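**Student:**
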Amino acid sequence: MTVVLTDITKAYGTQHVAVKDLDLDIKDGEFFTLLGPSGCGKTTTLRMIAGLEQVTNGTIAIHGRDVTHVPARLRDVAMVFQSYALYPHMTVHENLALNLKVKGLPKAEVEQRVQQVATMLRIDQVLKRKPGQLSGGQRQRVALGRAIVRRPNVFLMDEPLSNLDLKLREETRTELKKLHEDLRITTVYVTHDQSEALVLSDRIGVMNDGRLLQVGGPHEVYSRPADVFVARFIGSPSINLLEARLHRDGDGLWVDVSVPGGAGLRHRLPDATARALSNGHAHDALTLGIRPEDFLIRRSSAPGRLAASVDFIQPMGAISYAILRLPGGDAVIRERDHLIAATDPDDPIERGTQVWLEPRSDRICLFDQQTGRAVG
Ligand code: ATP
0 MTVVLTDITK AYGTQHVAVK DLDLDIKDGE FFTLLGPSGC GKTTTLRMIA GLEQVTNGTI
60 AIHGRDVTHV PARLRDVAMV FQSYALYPHM TVHENLALNL KVKGLPKAEV EQRVQQVATM
120 LRIDQVLKRK PGQLSGGQRQ RVALGRAIVR RPNVFLMDEP LSNLDLKLRE ETRTELKKLH
180 EDLRITTVYV THDQSEALVL SDRIGVMNDG RLLQVGGPHE VYSRPADVFV ARFIGSPSIN
240 LLEARLHRDG DGLWVDVSVP GGAGLRHRLP DATARALSNG HAHDALTLGI RPEDFLIRRS
300 SAPGRLAASV DFIQPMGAIS YAILRLPGGD AVIRERDHLI AATDPDDPIE RGTQVWLEPR
360 SDRICLFDQQ TGRAVG
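In numbering that gives the first Met the number 0, the protein residues as written are 0 to 375.
1) Taking three-plus beta-carbon pairs below 8 Å as touching, is the segment 286-295 in contact with the segment 221-238?
2) Going by CA-CA distance only, name the one from 308, 238, 122 and 369 that's closest to residue 334.
3) Classify residue 68: buried if its beta carbon has 16 or more other beta carbons within 10 angstroms, exposed otherwise.
4) Fully enclosed by the segment 59-126, which alpha helix (DSSP H) runs are 4 residues long or longer?
5) Can you pull the DSSP bridge partners for residue 54?
6) Assign residue 359 to one of two classes, buried (16 or more other C-beta atoms within 10 Å of its C-beta) or exposed (fewer than that).
7) Which whole runs of the beta strand (DSSP E) in the segment 241-296 are 3 residues long or more, in chain order?
8) Kindly provide the chain-ordered list of residues whose Cβ lies closer than 6 Å to any non-hydrogen atom of the ligand ATP.
9) Would you mind stating whether residue 30 and residue 201 have Cβ atoms separated by less than 8 Å?
10) For residue 6, name the three-state secondary structure that DSSP assigns.
11) Would you list, in sequence order, the uninterrupted beta strand (DSSP E) runs of no fewer than 3 residues that lie entirely inside the segment 190-251?
12) Is residue 206 closer than 8 Å to residue 41 when the C-beta atoms are compared?
13) How far does the beta strand (DSSP E) with residue 178 in it reach, from first residue to last?
14) For residue 139, count neighbouring Cβ atoms within 10 angstroms of its own Cβ and tell me buried if that reaches 16, exposed if not.
15) Should residue 263 and residue 327 be called a contact, given that it needs their Cβ atoms to be closer than 8 Å?
16) Could you work out which residue in 120, 121, 146 and 357 is closest to residue 84 when comparing CA atoms only?
17) Can you give me the C-alpha to C-alpha distance between residue 365 and residue 244, rounded to a whole angstrom?
18) Taking three-plus beta-carbon pairs below 8 Å as touching, is the segment 88-95 in contact with the segment 118-130?
19) What did DSSP end up calling residue 313 once you bin it into helix, strand or coil?
20) For residue 367, write down the residues that DSSP places opposite it in a beta bridge.
21) Under three-state DSSP, which class holds residue 129?
22) Output needed for residue 240: all residues of its chain with C-beta closer than 6 Å, excluding positions within five of it in sequence on either side, in chain order.
23) Contact defined as beta carbons within less than 8 Å: I believe residue 160 pairs with residue 171. What is the distance between those atoms, to the nearest angstrom?
24) Where residue 135 and residue 22 are concerned, what is the direct C-alpha to C-alpha distance, given to the nearest angstrom?
25) Nearest to residue 212 by CA position, among 2, 4, 1 and 33, is which residue?
26) In whole angstroms, what is the alpha-carbon distance linking residue 339 and residue 236?
27) Whose C-beta lies closer than 7 Å to the C-beta of residue 100 among residues of the same chain, with five residues either side of it excluded?
28) Checking the sheet assignment: what are the DSSP bridge partners for residue 305?
29) For residue 250, collect the residues of the same chain with a Cβ closer than 6 Å to its Cβ; drop the 5 residues on either side in sequence, then sort them by chain order.
30) Alpha carbon to alpha carbon, how far is residue 271 from residue 47? Give it in angstroms, no decimals.
31) At the level of alpha carbons, what is the spacing between residue 11 and residue 53?
32) Measure from the alpha carbon of residue 220 to the alpha carbon of each residue in 208, 204, 209 and 210, then state which is nearest.
33) Apart from the five residues just before and just after residue 19, which ones in its own chain have a Cβ nearer than 6 Å to its Cβ?
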């Protein structure tokens with residue numbers, strides 16, 4: 000089932016606009032994640048799709064049917080919350096069966112569906128227990144099971160894994176992903192956890208301040224962020240941002256980072272980027288974004304390489320991160336006072352060492368310094 004939001008705005012009272020001019024086109028069977036920081040309007044958006052919150056403006060359609068003013072219980076969506084919202088006095092079995100009984104389904108069918116879902120979610124051994132006698136992971140699976148057993152048109156999930164500890168969260172998200180591959184029920188998922196969004200989603204909509212900044216596949220929002228906010232929000236450790244200028248000479252278009260008293264960065268832009276920038280009337284003052292794994296650490300200087308010193312090394316197992324300072328030039332770094340570059344733990348670099356940095360040519364991101372939007 001498709002879910003289409005057209006020009007949705009939600010205001011609380013006359014002052015506070017929680018969601019502004021939102022357009023979303025969620026495809027049939029898609030796992031779509033709304034990702035953004037606390038307060039950006041993701042839960043409000045989900046609750047509007049569920050019918051738990053009225054829209055101030057705009058329309059919502061599910062499977063081509065306008066449901067903007069249809070009450071929640073008639074929308075055929077199932078919601079899973081962060082707080083599992085199970086009935087504590089009922090057994091797992093009763094929690095799973097309740098909605099089907101209310102709907103008046105024959106007893107045999109209720110039983111068959113409950114057993115099927117319980118087996119699928121590996122909670123068939125605890126059907127006689129009450130929620131208080133379950134682990135957090137089991138409770139979460141019961142909450143999911145209660146949504147699945149209804150066979151809804153659309154799943155709506157609001158941070159359903161955030162009460163689980165890290166290991167269980169990672170396991171459960173893998174299960175959730177498998178479950179979605181099997182059932183292929185359109186799912187709208189809300190989280191502030193970028194890694195969860197990358198792992199689970201077919202597509203991600205990144206929100207900030209009530210607005211949708213970019214919609215794209217996990218790889219797309221990571222490698223081609225449409226906005227400097229998206230670039231910073233996705234990826235851990237976060238992207239390096241540097242104040243830069245465009246510079247043209249007979250050889251082509253270059254991006255320069257000048258560092259007072261040190262060797263700055265000079266990088267020739269790939270021809271396609273240069274063409275796009277020339278056509279797009281970009282300002283000369285830009286923000287240059289380079290992901291830690293795209294900043295190559297060199298042990299010798301060469302023209303255009305950025306001189307830096309290794310402040311310390313952060314080992315992460317398969318990879319290490321070098322935390323780097325620019326001698327006399329930290330002011331050109333935006334949002335933090337150091338740079339981060341990935342290094343190979345098998346080829347260790349000592350702290351205090353002088354190194355030179357060079358971006359991977361085709362992996363740089365450029366943003367307009369004023370608007371924050373990607374250019375080129
Ligand atoms: P979180 O991850 O913290 O839940 P969120 O992105 O889901 O954040 P929302 O819950 O959608 O954010 O809230 C968006 C904005 O609307 C916030 O500024 C919030 O304070 C405000 N808001 C939410 N519900 C109400 C309400 N019932 N009345 C007034 N303001 C509200």
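Positions of the beta carbon are idealized from the N, C-alpha and C atoms, including for glycine.
Note that this is a predicted model, so its numbers are computed, not measured.
**Tutor:** With the given structure in hand:
1) Taking one beta carbon from each stretch, the segment 286-295 and the segment 221-238 have 3 or more pairs nearer than 8 Å; the two touch.
2) The residue labelled residue 334 in the question sits at position 335 within the sequence shown. That would be 238, whose Cα lies nearest to the Cα of residue 334.
3) For the purposes of this step, residue 68 is identified with residue 69 of the sequence shown, where counting begins at 1. With fewer than 16 other Cβ atoms inside 10 Å of its own Cβ, residue 68 counts as exposed.
4) Here the runs fully enclosed are 91-101 and 106-119.
5) Residue mapping note: residue 54 aligns to position 55 of the sequence shown, counting from 1. Answer is none; residue 54 lacks a bridge partner.
6) Taking the sequence shown and counting its residues from 1, the one referred to as residue 359 is at position 360. Sixteen is the threshold: since fewer than 16 other Cβ atoms of the shown chains lie within 10 Å of the Cβ of residue 359, the residue is exposed.
7) Fully enclosed beta strand (DSSP E) runs of 3 or longer: 251-256, 264-267 and 284-289.
8) Selection output, chain order preserved: 11, 15, 17, 35, 37, 38, 39, 40, 41, 42, 43 and 191.
9) Walking along the sequence shown from the start, residue 30 turns up at place 31. Walking along the sequence shown from the start, residue 201 turns up at place 202. Yes, the pair counts as a contact, with Cβ atoms nearer than the cut-off.
10) For the purposes of this step, residue 6 is taken as residue 7 along the sequence shown, with counting starting at 1. Here DSSP, grouped into helix, strand and coil, assigns residue 6 to strand.
11) Runs of the beta strand (DSSP E) inside the segment 190-251: 202-207, 210-215 and 239-248.
12) As a first step, residue 41 must be located in the sequence shown, where it is residue number 42. As a first step, residue 206 must be located in the sequence shown, where it is residue number 207. A contact, by the Cβ cut-off of 8 Å.
13) One-based indexing of the sequence shown puts residue 178 at position 179. Judged by DSSP secondary structure, residue 178 falls outside any beta strand (DSSP E) and instead within the alpha helix (DSSP H) spanning 165-182.
14) Locating residue 139 in the sequence shown gives position 140, counting from the first residue. Residue environment: residue 139 is assigned as buried (16 or more neighbouring CB atoms within 10 Å of its CB, all protein chains considered).
15) For the purposes of this step, residue 263 is taken as the residue at position 264 of the sequence shown. For the purposes of this step, residue 327 is taken as the residue at position 328 of the sequence shown. Contact flag unset, no.
16) Looking up residue 84 in the sequence shown gives position 85. The option with the nearest alpha carbon to residue 84 is 146.
17) Walking along the sequence shown from the start, residue 365 turns up at place 366. Walking along the sequence shown from the start, residue 244 turns up at place 245. Taking the CA atoms as reference points, residue 365 sits about 10 Å from residue 244.
18) Per the Cβ contact rule, the segment 88-95 is in contact with the segment 118-130 (3 or more Cβ pairs under 8 Å).
19) Position 314 of the sequence shown holds residue 313. Under the three-state reduction of DSSP, residue 313 is assigned to strand.
20) Along the sequence shown, read from residue 1 onward, the residue named residue 367 stands at position 368. The partner list for residue 367 (beta bridge, DSSP) reads 285.
21) As a working mapping, residue 129 is identified with position 130 in the sequence shown. The three-state secondary structure of residue 129, taken from DSSP, is coil.
22) Here residue 240 refers to the residue found at position 241 of the sequence shown. Around residue 240: 286, 288, 333 and 334.
23) For the purposes of this step, residue 160 is taken as the residue at position 161 of the sequence shown. For the purposes of this step, residue 171 is taken as the residue at position 172 of the sequence shown. In this structure residue 160 touches residue 171 by the C-beta definition: roughly 5 Å separates them, less than 8 Å.
24) To locate residue 135, count along the sequence shown from 1; it is residue 136. To locate residue 22, count along the sequence shown from 1; it is residue 23. If you draw a straight line from the Cα of residue 135 to the Cα of residue 22, it is about 35 Å long.
25) On the sequence shown, residue 212 is found 213 positions in, with the first residue counted as 1. That would be 33, whose Cα lies nearest to the Cα of residue 212.
26) Along the sequence shown, one-based indexing puts residue 339 at 340. Along the sequence shown, one-based indexing puts residue 236 at 237. If you draw a straight line from the Cα of residue 339 to the Cα of residue 236, it is about 8 Å long.
27) For the purposes of this step, residue 100 is taken as residue 101 along the sequence shown, with counting starting at 1. Shown here for residue 100: same chain residues with a beta carbon closer than 7 Å to its own, the five before and five after excluded, namely 109 in chain order.
28) Stepping through the sequence shown from its first residue, residue 305 is reached at position 306. According to DSSP, which records beta bridges pairwise, residue 305 is partnered with 356.
29) Here residue 250 is taken as the residue at index 251 of the sequence shown, counted from 1. Around residue 250: no qualifying Cβ.
30) If you number the sequence shown from 1, residue 47 lands on position 48. If you number the sequence shown from 1, residue 271 lands on position 272. Distance from the CA atom of residue 47 to the CA atom of residue 271, rounded to whole angstroms, is 42 Å.
31) Locating residue 11 in the sequence shown gives position 12, where the first residue counts as 1. Locating residue 53 in the sequence shown gives position 54, where the first residue counts as 1. One alpha carbon belongs to residue 11, the other to residue 53, and they sit about 10 Å apart.
32) The residue labelled residue 220 in the question sits at position 221 within the sequence shown. For the residues 208, 204, 209 and 210, the minimum Cα distance to residue 220 belongs to 204.
33) Here residue 19 corresponds to residue number 20 of the sequence shown, with the count starting at 1. Only 8, 209 and 210 meet the Cβ criterion.
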